[in-house]
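A.B. asks: Before I ask anything, here is the structure I am working with.
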Amino acid sequence: MRADELARKTDLALLSPLLTGRELVRRVELAVNHPFASICVAPCHVRLLAHMLRGRSTAAATVAGFPLGYTTTAAKVAEAGEALTAGAAEIDAVMNLALFKSGRRDLVEAEIKALRRVTAGAVLKVIIETSYLDDAEKEEAADLVIYGGADFVKTSTGFAGGGATERDVRLLSYRAAGRIGVKASAGIDTAEKALAMLRAGATRIGTSRGVEIVEELRDAAGPIEKAPITRGGTRVPVP
3 MRADELARKT DLALLSPLLT GRELVRRVEL AVNHPFASIC VAPCHVRLLA HMLRGRSTAA
63 ATVAGFPLGY TTTAAKVAEA GEALTAGAAE IDAVMNLALF KSGRRDLVEA EIKALRRVTA
123 GAVLKVIIET SYLDDAEKEE AADLVIYGGA DFVKTSTGFA GGGATERDVR LLSYRAAGRI
183 GVKASAGIDT AEKALAMLRA GATRIGTSRG VEIVEELRDA AGPIEKAPIT RGGTRVPVP
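Position one of the sequence shown corresponds to residue 3 (the numbering used here), numbered consecutively onward.
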């Protein structure tokens, strides 16, 4: 895979709570040398980012309900709406894990649908925080993201002590079955790891080391072959 191909499948995450406006400008100036799918920043930096990306193929992205997900639906909807007004084109929202773990799948799905309405015309990714879920819960969460109308189910925030694994990506990819994209995020700090996630079925990568990964791959090449998922001892091709 060529470096530019990987960049087009990558969201560069610039979400450190200590990231200053000056440092953001420096990081974005380096990033725009590569055709990233998006650059994701904190809501307070969206307007600046959107200005810097004007006229470029890279989308301005931000987060809602980040990183814990337990803000109210109204708060997430307002946060997403404000970000879109400021120039964001993609929203990565955190699923309400407190409601999900309480068995209120109906409220979780309703929240995703509310976010879908406010983000109509934009890209909506929903983070399910896989490190907090068992396999059955991961499948249920993915179903809610699909039923809610989001564009991607995303593995992790990177703030929960765990990140994407190839196994989780295979599971989510199999569950999504091409209906939505799968974003693997957190802990992906080398080109080898990024390519492994794509082979497992991810359609988007999230990483704070996007520039380093793309530059590492600059001279590398090779096709991606999707890895199989094993269920009950049976190998099932990943869609």
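All C-beta atoms, glycine included, are put in the ideal place defined by N, C-alpha and C. Computed from a predicted structure; not experimentally measured.
1. Verify whether the separation of the beta carbon atoms of V147 and I114 is less than 8 Å.
2. Are K156 and K185 close, meaning C-beta to C-beta below 8 Å?
3. Measure the beta-carbon distance from A90 to A112 and round it to whole angstroms, keeping in mind my assumption that it falls under 8 Å.
4. Helix or strand or just coil, what does DSSP make of K11?
5. From D13 to S187, what distance separates their C-alpha atoms?
6. Express the C-alpha separation of A100 and L117 in angstroms, rounding to a whole number.
7. Between E139, A82, V79, T121, which lies nearest to R106 when the distance is taken from Cα to Cα?
8. Under three-state DSSP, which class holds V79?
9. I129 bridges to which residues according to DSSP?
10. What ranges does the beta strand (DSSP E) occupy inside the stretch 27 to 94, keeping only unbroken runs of at least 3 residues that lie completely in it?
11. Can you find the residues in the same chain that come closer than 7 Å, C-beta to C-beta, to Y149, ignoring five residues on each side of it along the sequence?
C.D. replies: According to the structure data:
1. yes
2. yes
3. Actually they do not touch by this definition, with Cβ atoms about 23 Å apart.
4. coil
5. 9 Å
6. 18 Å
7. E139
8. helix
9. V96, K156
10. 40 to 43, 61 to 66
11. E111
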